[in-house]
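In my numbering, the protein residues as written are 2 to 126.
The beta-carbon is built from N, C-alpha and C at its ideal position, and this holds for glycine as well.
Bear in mind that the values here come from a model prediction, so they are computed numbers and not experimental data.
First up is the structure itself, then whatever we jot down about it.
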Amino acid sequence: MPGGGLEVSDYINTPKTTPDSWYFAIENSLRREIKEETGLEVGKVKYLLDLVFIRPDKIPVVTLSYYCDWKSGDVKLDEDSIDYAWVTYKEAKNYDLIEGILEEIEIVDRILKGANLDEVEYGKK
């Protein structure tokens, strides 16, 4: 799963959308991270869910999860990535994934099969 943090460069060099701020900074950051880590361009980015946890040093972290369609490009992993596979939700069950990722894949699978996101709850079948 590509991921990372928001960088000032994701918005600072783009035109402001209001006199004092930028819209779509998170989406721009996500697109950059996906491109850097996988070499892929993606289509419409859709919000999935948020997750909050507290690091061992007591700093809270907010994780925002999104899903999107492949638009173009061939997978070219960056030096930090180990491997990749294109799998279905059912096949993903055979992988050792980061805690919570399988459940997120399940939610996206249900959405792609026609479930309304408002009807899908994390951790519920």
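Which residue spans inside the region 20-90 form an unbroken alpha helix (DSSP H) run of at least 4?
Those alpha helix (DSSP H) runs which fall completely within the region 20-90 and span 4+ residues are 26-39.
Using only the alpha-carbon positions, how far apart do Tyr68 and Thr39 sit?
Their Cα atoms are separated by approximately 15 angstroms.
Please report how far the alpha carbon of Asp97 lies from the alpha carbon of Pro20, in whole angstroms.
Whole-angstrom Cα-Cα distance: 46 angstroms.
Check for me: the alpha helix (DSSP H) holding Ile106 runs from which residue to which?
Taken as a continuous stretch (DSSP letters only), the alpha helix (DSSP H) holding Ile106 covers Ile102 to Leu113.
Between Ile130 and Thr18, what straight-line distance do the alpha-carbon atoms span, to the nearest angstrom?
Nothing can be reported for residue 130: it is not among the residues displayed for the chain, which extend from 2 to 126.
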